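Student: Would you mind keeping the following structure in view while I ask a few things?
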Amino acid sequence: MSLKVCSACGEQKAMAQFSRHPKARDGLQQRCRACANAAARASYLKDPDRVKARAKRWAEKDPERRMRVSYGSKLRKHYGITHAQYDEMHRKQGGLCAVCLRGQPADYSAPRRFLLVDHCHQSGAVRALLCSPCNVGLGRFEDDPARLRSAATYIEKERNA
Ligand SMILES: [Zn+2]
Ligand SMILES: [Zn+2]
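Residue 0 is where the sequence shown starts when you use numbering that gives the first Met the number 0, and the numbers rise one by one after that.
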C-alpha cells in the first residue's frame with residue numbers, strides 16, 4: 000500500500016486518508032482528510048457567511064455536481080451503496096420506476112434524483128429504485144401488500160360504480 004505525506008500535519012498516511020483532487024498530479028489533495036476537515040471547520044468558525052456564500056456560488060454554478068455529491072453521501076450513509084451501484088440499478092431498470100414503470104419526465108431538472116433508493120423499512124435492505132410518488136406511496140401504505148391490494152380493489156370498484 001502506498002503512503003502519502005500530508006502537507007499540514009506532516010504525517011505519512013494511506014492514500015485513502017486523502018480526498019480526491021482531480022487537478023492534482025496524483026489525483027489527491029495535499030492535506031489529509033482530518034486536516035482538511037479541521038481547516039474547513041476553522042474557516043467556517045472564522046467567517047461562516049463567507050463559507051456559506053462560497054458553497055452557494057458553487058451549488059449555483061454546477062447544480063448537477065452538487066446533487067451528485069450530496070446524494071452520493073446519502074447513498075453511502077443511508078443505503079450503504081455506491082454511486083456505481085446506483086448507476087447499475089438505474090441501468091438495469093432502464094431508468095424506469097420499478098412500480099409505475101414511468102420514466103423521467105423531460106422537464107425534470109435533476110435526473111439522478113428522479114429515482115430514489117427504496118429500502119425495506121424492517122430489514123433496511125435496498126429493494127429497487129422508485130419514483131418519488133411511488134416511494135412515498137408505499138411508505139404511506141406501510142409496505143403492506145394486503146392494504147395496497149385492498150386500495151386497488153377499492154379504486155376499481157369506485158370507478159366502475
Ligand atoms: Zn494531516
Ligand atoms: Zn413510480
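Note that beta-carbon positions come from the ideal geometry of N, C-alpha and C, so glycine has one too. Bear in mind that the values here come from a model prediction, so they are computed numbers and not experimental data.
Any heavy atom of ligand 1 closer than 8 Å to the Cβ of Arg30?
Tutor: Yes - ligand 1 has a heavy atom lying nearer than 8 Å to the Cβ of Arg30.
Student: Would you identify the three-state DSSP class for His120, choosing helix, strand or coil?
Tutor: Three-state result, His120: coil.
Student: May I ask you to verify whether the stretch 73 to 92 touches the stretch 110 to 127, counting CB pairs closer than 8 Å and requiring at least 3?
Tutor: With the cut-off at 8 Å, the stretch 73 to 92 and the stretch 110 to 127 touch.
Student: Considering only their Cβ atoms, is the gap separating Ala97 from Ala127 smaller than 9 Å?
Tutor: Yes, Cβ-Cβ distance for Ala127 and Ala97 is below 9 Å.
Student: Return the Cβ separation of Met14 and Ser1 in integer angstroms, given the expectation that the two are a contact with Cβ distance under 8 Å.
Tutor: With a Cβ gap of about 6 Å, Met14 and Ser1 count as contacting.
Student: Is any non-hydrogen atom of ligand 3 found closer than 8 Å to the C-beta of Val98, if you look at the structure I gave you?
Tutor: Questions concerning ligand 3 fall outside what the structure shown contains, since the ligands it does hold are ligand 1 and ligand 2.
Student: Residue range of the beta strand (DSSP E) that Lys12 falls in?
Tutor: That run of the beta strand (DSSP E) goes 11 to 13.
Student: Indicate the three-state DSSP secondary structure (helix, strand or coil) for Arg115 in the structure shown.
Tutor: The displayed chain sequence assigns Leu, not Arg, to residue 115. Residue state, collapsed to three classes: strand.
Student: With the cut-off set at 9 Å, would you say Gly94 and Leu114 are in Cβ contact?
Tutor: The answer is yes: Cβ separation under 9 Å.
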